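Participant: Taken in sequence, the protein lines are chains A and B.
All letters in the first sequence, in the order written, are residues 1 to 432 by the numbering used here.
All letters in the second sequence, in the order written, are residues 1 to 432 by the numbering used here.
Don't be surprised by glycine CBs; every beta carbon is placed ideally from N, CA and C.
Computed from a predicted structure; not experimentally measured.
Shown below is the structure under consideration.
Protein chains: 2
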Amino acid sequence: MKPEIYIKDLSEHVGKEVTLKGWLYNKRASGKVKFLILRDGTGYLQCIVFKGNVTPEVFDVAEQLHQEASYEVTGIVKEEPRAVGGYELDATDVKLISSSDDYPITPKEHGIEFLIDNRHLWLRSKRQVSIMKIRHRIVKAIRDFFDNRDFTLFDPPIITPNASEGTSTLFEMEYFDLGKAYLTQSGQLYAEAGAIALGKVYTFGPTFRAEKSKTRRHLTEFWMVEPEMAFYDLDDDMDLAEEFLEYIVKSVLKNNKADLEILERDISKLEKIERPFPRLSYDEAIEMLKAEGHEVEWGKDLGATDETIISNKFDKPVMVHRYPAEIKAFYMKRDPENEKLALCVDVLAPEGYGEIIGGSQREDDYDKLLGRIKEHELPVDFFKWYLDLRKYGSVPHSGFGLGLERTITWICGIDHLRETIPFPRMIYRNTP
Amino acid sequence: MKPEIYIKDLSEHVGKEVTLKGWLYNKRASGKVKFLILRDGTGYLQCIVFKGNVTPEVFDVAEQLHQEASYEVTGIVKEEPRAVGGYELDATDVKLISSSDDYPITPKEHGIEFLIDNRHLWLRSKRQVSIMKIRHRIVKAIRDFFDNRDFTLFDPPIITPNASEGTSTLFEMEYFDLGKAYLTQSGQLYAEAGAIALGKVYTFGPTFRAEKSKTRRHLTEFWMVEPEMAFYDLDDDMDLAEEFLEYIVKSVLKNNKADLEILERDISKLEKIERPFPRLSYDEAIEMLKAEGHEVEWGKDLGATDETIISNKFDKPVMVHRYPAEIKAFYMKRDPENEKLALCVDVLAPEGYGEIIGGSQREDDYDKLLGRIKEHELPVDFFKWYLDLRKYGSVPHSGFGLGLERTITWICGIDHLRETIPFPRMIYRNTP
Numbered sequence: 001m002k003p004e005i006y007i008k009d010l011s012e013h014v015g016k017e018v019t020l021k022g023w024l025y026n027k028r029a030s031g032k033v034k035f036l037i038l039r040d041g042t043g044y045l046q047c048i049v050f051k052g053n054v055t056p057e058v059f060d061v062a063e064q065l066h067q068e069a070s071y072e073v074t075g076i077v078k079e080e081p082r083a084v085g086g087y088e089l090d091a092t093d094v095k096l097i098s099s100s101d102d103y104p105i106t107p108k109e110h111g112i113e114f115l116i117d118n119r120h121l122w123l124r125s126k127r128q129v130s131i132m133k134i135r136h137r138i139v140k141a142i143r144d145f146f147d148n149r150d151f152t153l154f155d156p157p158i159i160t161p162n163a164s165e166g167t168s169t170l171f172e173m174e175y176f177d178l179g180k181a182y183l184t185q186s187g188q189l190y191a192e193a194g195a196i197a198l199g200k201v202y203t204f205g206p207t208f209r210a211e212k213s214k215t216r217r218h219l220t221e222f223w224m225v226e227p228e229m230a231f232y233d234l235d236d237d238m239d240l241a242e243e244f245l246e247y248i249v250k251s252v253l254k255n256n257k258a259d260l261e262i263l264e265r266d267i268s269k270l271e272k273i274e275r276p277f278p279r280l281s282y283d284e285a286i287e288m289l290k291a292e293g294h295e296v297e298w299g300k301d302l303g304a305t306d307e308t309i310i311s312n313k314f315d316k317p318v319m320v321h322r323y324p325a326e327i328k329a330f331y332m333k334r335d336p337e338n339e340k341l342a343l344c345v346d347v348l349a350p351e352g353y354g355e356i357i358g359g360s361q362r363e364d365d366y367d368k369l370l371g372r373i374k375e376h377e378l379p380v381d382f383f384k385w386y387l388d389l390r391k392y393g394s395v396p397h398s399g400f401g402l403g404l405e406r407t408i409t410w411i412c413g414i415d416h417l418r419e420t421i422p423f424p425r426m427i428y429r430n431t432p
Numbered sequence: 001m002k003p004e005i006y007i008k009d010l011s012e013h014v015g016k017e018v019t020l021k022g023w024l025y026n027k028r029a030s031g032k033v034k035f036l037i038l039r040d041g042t043g044y045l046q047c048i049v050f051k052g053n054v055t056p057e058v059f060d061v062a063e064q065l066h067q068e069a070s071y072e073v074t075g076i077v078k079e080e081p082r083a084v085g086g087y088e089l090d091a092t093d094v095k096l097i098s099s100s101d102d103y104p105i106t107p108k109e110h111g112i113e114f115l116i117d118n119r120h121l122w123l124r125s126k127r128q129v130s131i132m133k134i135r136h137r138i139v140k141a142i143r144d145f146f147d148n149r150d151f152t153l154f155d156p157p158i159i160t161p162n163a164s165e166g167t168s169t170l171f172e173m174e175y176f177d178l179g180k181a182y183l184t185q186s187g188q189l190y191a192e193a194g195a196i197a198l199g200k201v202y203t204f205g206p207t208f209r210a211e212k213s214k215t216r217r218h219l220t221e222f223w224m225v226e227p228e229m230a231f232y233d234l235d236d237d238m239d240l241a242e243e244f245l246e247y248i249v250k251s252v253l254k255n256n257k258a259d260l261e262i263l264e265r266d267i268s269k270l271e272k273i274e275r276p277f278p279r280l281s282y283d284e285a286i287e288m289l290k291a292e293g294h295e296v297e298w299g300k301d302l303g304a305t306d307e308t309i310i311s312n313k314f315d316k317p318v319m320v321h322r323y324p325a326e327i328k329a330f331y332m333k334r335d336p337e338n339e340k341l342a343l344c345v346d347v348l349a350p351e352g353y354g355e356i357i358g359g360s361q362r363e364d365d366y367d368k369l370l371g372r373i374k375e376h377e378l379p380v381d382f383f384k385w386y387l388d389l390r391k392y393g394s395v396p397h398s399g400f401g402l403g404l405e406r407t408i409t410w411i412c413g414i415d416h417l418r419e420t421i422p423f424p425r426m427i428y429r430n431t432p
């Protein structure tokens, strides 16, 4: 019952009769011929139904097919360089599987709220299909990259008893008789335990922020990959992040050019993503902003505008390292050359897409870490297990986190995170 | 600063001097020689420190090393067929990185609660490392299997406004001003939207059940992979499940034999997992149970004991199909040859490991599905989008879900799900 072949396999069937199954993406018609564009999830195929080649009943089926109706089509595969994908089908038979009357998403323009309300249907559109294919590719590239470098996958818990970076943006729940629990914001602390057990690990799963931000760069539920490596210092960490981003972009360029074209992505911009990437210290970044006449104060975090100004000076991702420790997380190691700085790095995507990676070398000294936990007024009890990692065979270690959906927006060249995940979750939306 | 080489690379360095970094797994000693077992996440290596080969200071460092201390060791790589991994190191230098006094998990026996309390350290033990490596391999095999067969990854939402299979076992949360939301129990319904957009998709992420079951087969948080295929009927679905399980087991056998040996797994049992698998209808399963003198009633679901009796009759996974529709989910299509049966399949692992896969062909008729939703007293409004999939170009489609942790317990041959995930979540435990 499953399809014998898919559109992507047509090159092996030129001149032969095949039967395909799918949905009507679009249709053009004149009196004597119907051009049915079939989509089957692997591609698009123009099926030509000539009145003279089929029975009147079959021609009638072709005539009655509406957008998104499901159907089966039989015909001879022809090479046709001008067609999308390079092939056409000379139809000999068309069978309706199931109709589709008044499909709500027509080729005309729709408002974004209408489209998200109908996300389950919107996903069938050419643009959304291409974004999902690129999402798939990026996820695969991420996993292959780490799998090929002897990292062990390490799935951290989603339900956590404590927050790694403050409690104000946590989703809270009751956990049986154990009191409150929270949805994870990051698997990093757990990944550190993993790195000491397994050397090099990566987490890759959903993370959550109950942020009340209604911007195009925020989802409440998003996927994050977080490698963590024993014995890596900040330089090793930056080298890995650089190699990693290059690998992802090259993998998309190699495998998804057609999808990028559907999205009208300027591919030449992606072709420039080659190592080495520029590395700026925070101090240098501040100098650069001042030189641009932009008002900034040493000690403050870089804002979206600051990041855009910096990233616009380069055509590659920019690695900004050694921020003031004050504005960074408690677990970051201080720079031994300047205790006011954290051994951390943010990677800013080009073209103003902002931060896609945040990483650091971790504090590996028990007493210093305990002091920081106290300074930040975090519950020491909850961090006992985390402190243990510094008590029993502590080692220098580093890692970073890459936000999947932000990376997809950048690579796809699109505006809003909501199109990068099948069913986006935002402050004002948890349906469908 | 990162290690030049890891233990797994030693074959390329025989006769050469290398420096490795890691932790002391174990130590044997006589007066003039210390045998330090190094672990670095990629393997185990015996480092031999002869008093005559090193300075007194270095010998002293070797003498003082405690279990799980981190250290750096330099020496000459020797082939030694009798050693674990086939190599040894003649040490010329040993440097302590960080000590480990009174490491709580000693080679003696510990109670399970103590071990789970110290899960962050327990993960360093040989057995746990091997389970995590097999987990990694199974996840990779799952993803490779679908990626190589033109499936598109489709990450469903974790935060959902409704429950696909009843509300009694849901984790509940407040979602901003939108009222209650729930943690997903299954991505299937969303995957169906994905299959109609993309042809063949798979979800793979954490799922949640707030079940008050305190058995060795229950976690509140577990990972599930759910393929969903347009145009597949139940037979296609069973063929895919069979091929899939065979692929996973073969991948572990090919890549993780050493880990299986550490777990003392009877590998011959896994070597028998080859297609075809036995397929029994529910009716046949009931007959088989009765023939065994076991009391069962047609119409009831199979219990754990029933499943064990059936699976013990075979040395391969058993596919039990066409259960009474009454005891199965609302979305399953009925058997056209007998409306009382659902077109579904449960796959029971051998050796009494119970159900690891549940799947079905989905109801693709709008009116029938609407009727079922009403019969089950589910909120029709919430399912409007799901019904739309039957309104606009409906197609026959099928899928299944495989529980990752249950699959790991079976393949590893271990007793309890809690060892198959880095930080298990159970009714009485959400820490560390």
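1. So which residues on chain B does R124 of chain A lean against when the C-beta distance must stay under 8 Å?
2. So, for D415 of chain B: in the same chain, excluding its five sequence neighbours on each side, which residues have a beta-carbon less than 8 Å away from its beta-carbon?
3. Name the residues in the region 154–182 of chain A whose C-beta lies less than 7 Å from a C-beta of chain B; which are they?
4. I want to see whether chain B comes within less than 8 Å of Y44 of chain A, judged by CB atoms only; does it?
5. Suppose you measure from the CA of F151 of chain A to the CA of K200 of chain A; what does that come to, to the nearest Å?
6. What are the partner residues of A342 of chain A, as DSSP defines its beta bridges?
7. For a contact meaning CB atoms closer than 7 Å, what does R425 of chain A contact in chain B?
8. Which term fits D60 of chain A, buried or exposed, when burial requires 16 or more other beta carbons within 10 angstroms of its beta carbon?
9. For D346 of chain B, does the count of other Cβ atoms within 10 angstroms reach 16, so buried, or fall short, so exposed?
10. On the premise that H218 of chain B lies in contact with L417 of chain B, defined as a C-beta separation below 8 Å, what is that separation, rounded to the nearest angstrom?
11. Chain A partners of A241 of chain B, CB-CB under 9 Å?
12. Can you give me the C-alpha to C-alpha distance between F208 of chain B and I131 of chain A, rounded to a whole angstrom?
13. What in chain B is Cβ-close to M238 of chain A, meaning under 8 Å?
14. So, with DSSP's three-state summary, where would you put E355 of chain A?
15. Determine whether the Cβ of M319 of chain B lies closer than 8 Å to any Cβ atom of chain A.
16. Could you check whether W23 of chain A and S99 of chain A sit closer than 8 Å to each other, using their CB atoms as the reference points?
17. So which residues on chain A does T431 of chain B lean against when the C-beta distance must stay under 7 Å?
18. Taking P278 of chain B as the reference, which of B:E355, B:V318, B:E246 has the closest Cα?
19. By a C-beta neighbour count over all protein chains shown, 10 Å radius and 16 as the cutoff for buried, is F114 of chain A buried or exposed?
20. Give me the chain A residues within the contact set of M229 of chain B, using Cβ-Cβ distance strictly less than 8 Å, ordered along the chain.
21. Can you pull the DSSP bridge partners for W223 of chain A?
22. Quick check for students: name the residue ranges of the alpha helix (DSSP H) that lie wholly in the region 118–150 of chain B, counting only runs of 4 or more.
23. Rounded to a whole number of angstroms, what is the C-alpha to C-alpha distance between Y6 of chain A and M173 of chain A?
24. From the beta carbon of R372 of chain A, is the nearest beta carbon of chain B less than 8 Å away?
25. Comparing C-alpha positions only, which one of B:L121, B:Q188, B:K34, B:L240 sits nearest to F487 of chain B?
26. Could you list which residues in chain B have their beta carbon closer than 9 Å to that of V139 of chain A, in chain order?
27. Hey, C344 of chain B and Y323 of chain B are a contact pair by Cβ (cut 8 Å); roughly how many whole angstroms apart?
28. Is the CB-CB distance between L198 of chain B and G41 of chain A below 8 Å?
29. Report yes or no: is there a C-beta of chain B within less than 8 Å of the C-beta of P336 of chain A?
30. List, in order along the chain, the chain B residues whose C-beta lies closer than 9 Å to that of K254 of chain A?
31. Have a look at A291 of chain B and I310 of chain B and give me their C-alpha separation to the nearest angstrom.
32. Are the C-beta of V84 of chain A and some C-beta of chain B separated by less than 8 Å?
33. Could one say the Cβ of H13 of chain A lies closer than 8 Å to chain B's Cβ atoms, at least one of them?
34. Entirely within the region 342–427 of chain A and at least 4 residues each: give me those alpha helix (DSSP H) ranges in chain order.
35. Specify, as a first and last residue, the run of the beta strand (DSSP E) that T431 of chain B falls within.
36. Below 8 Å on the Cβ atoms is my guess for I134 of chain B versus N256 of chain B; work out the distance and round it to an integer in Å.
Facilitator: On the basis of the coordinates in this document:
1. Those are I196, A197, listed as they occur along chain B.
2. R216, T409, listed in sequence order.
3. Answer set for the region 154–182 of chain A: F154, D155, P156, P157, I158, I159, P161, F171, E172, M173, Y175, F176, L178, A181.
4. With 8 Å as the cut-off, Y44 of chain A does not count as an interface residue toward chain B.
5. Taking the straight line from one Cα to the other gives about 5 Å.
6. Within the DSSP secondary-structure output, A342 of chain A pairs in a beta bridge with A:R334.
7. Taking the beta carbon of R425 of chain A as reference, the chain B residues within 7 Å of it are P157, I159, listed in sequence order.
8. An exposed status is given to D60 of chain A, since fewer than 16 other beta-carbon atoms sit within 10 Å of its beta-carbon.
9. Buried.
10. Approximately 7 Å separates the beta-carbon atoms of L417 of chain B and H218 of chain B; this is inside 8 Å, confirming the contact.
11. Near A241 of chain B there are no residues of chain A at all, since even the closest Cβ is about 13 Å away, more than 9 Å.
12. Here the C-alpha atom of F208 of chain B lies approximately 28 Å from the C-alpha atom of I131 of chain A.
13. Counting only Cβ-Cβ distances below 8 Å, M238 of chain A has no contacts in chain B at all, with the closest Cβ about 12 Å away.
14. E355 of chain A: strand per DSSP, three-state reduction.
15. Among the residues facing chain A, M319 of chain B is not included, as its CB has no counterpart in that chain under 8 Å away.
16. Not a contact, by the Cβ cut-off of 8 Å.
17. Neighbourhood of T431 of chain B in chain A, by CB distance below 7 Å: P161, in chain order.
18. Closest option to P278 of chain B, Cα to Cα, is B:V318.
19. With fewer than 16 neighbouring CB atoms inside 10 Å of its own CB, F114 of chain A falls in the exposed class.
20. Under the 8 Å cutoff, chain A gives K2.
21. Partner residues in the beta bridge of W223 of chain A, as assigned by DSSP, are A:P206.
22. The region 118–150 of chain B contains these whole alpha helix (DSSP H) runs: 119–122, 126–147.
23. Taking the straight line from one Cα to the other gives about 45 Å.
24. By this cut-off, R372 of chain A is not an interface position.
25. Here chain B covers residues 1 to 432 and nothing more, so residue 487 of chain B does not appear.
26. For a Cβ distance threshold of 9 Å, residue set R143, L153, D155 of chain B lies close to V139 of chain A, ordered along the chain.
27. In this structure, C344 of chain B and Y323 of chain B form a Cβ contact; the two beta carbons are roughly 6 Å apart against a cut-off of 8 Å.
28. Contact annotation: L198 of chain B and G41 of chain A have beta-carbon atoms nearer than 8 Å.
29. At a cut-off of 8 Å between C-beta atoms, P336 of chain A does not count as an interface residue with respect to chain B.
30. Result: empty, since nearest Cβ-Cβ is about 15 Å, beyond 9 Å.
31. The alpha-carbon atoms of A291 of chain B and I310 of chain B are separated by roughly 11 Å.
32. So no, V84 of chain A is outside the interface.
33. Residue-level contact check: H13 of chain A does not touch chain B, since none of the beta carbons of chain B fall below 8 Å from its beta carbon.
34. Taking 4 residues as the shortest admissible run, the region 342–427 of chain A contains the following complete alpha helix (DSSP H) segments, listed from N- to C-terminal end: 366–375, 384–391, 404–412.
35. Counting along the chain, no beta strand (DSSP E) covers T431 of chain B, and no H or E run does either.
36. Contact flag correct, Cβ pair sits at about 5 Å.
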